[in-house]
């Protein structure tokens, strides 16, 4: 099967004239295929559209315009929705990156006595953000694991 080259667009007037000629018997389908280098499937598609009345210039243009208007309206709605989502995202504070309910801090303090080699560990925990929505400063709890001495 030989290639027919690049895609071609046929005018509505050409399609309408060809379909009228085929339906009136002026030209046969095979003759139209050979003369205009158009596939049988394409001619059948045009004839189906012709029989339905879809090949009129005005109706075809009105149909295309209606499709474009519907698409434009849908895209405008989508732009509005995305704009609102973006505005909301800009106004909403960003979530903590450390964890869901707590923040981490590095706490340093006095070092243990050189003779005592036991390290000191501290954990800092904040209350969940949902505890107080009016302030960024939620209560902080500090847990210290100190080495026990013989006197305690």
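In the working numbering, the protein residues as written are 25 to 176.
Even glycine gets a Cβ: it sits at the ideal position worked out from N, Cα and C.
Because the structure is a prediction, the values reported are computed rather than measured.
By how many angstroms is the C-alpha of residue j removed from the C-alpha of residue i?
i, j, result
"residue 51", "residue 98", "44 angstroms"
"residue 31", "residue 107", "39 angstroms"
"residue 70", "residue 110", "46 angstroms"
"residue 43", "residue 54", "13 angstroms"
"residue 88", "residue 117", "45 angstroms"
"residue 115", "residue 72", "55 angstroms"
"residue 59", "residue 37", "17 angstroms"
"residue 85", "residue 65", "23 angstroms"
"residue 92", "residue 46", "32 angstroms"
"residue 102", "residue 41", "41 angstroms"
"residue 35", "residue 67", "13 angstroms"
"residue 113", "residue 105", "12 angstroms"
"residue 75", "residue 33", "21 angstroms"
If residue i and residue j are in contact, beta carbons under 8 angstroms, what's the gap, nearest whole angstrom?
i, j, result
"residue 57", "residue 63", "7 angstroms"
Residues in the same chain with beta-carbon distance under 7 angstroms from residue i, minus the five sequence neighbours each way, listed in chain order, please.
i, result
"residue 39", "70, 79"
Complete alpha helix (DSSP H) runs within the region 42-89 (minimum length 4 residues, chain order): 53-60, 64-76
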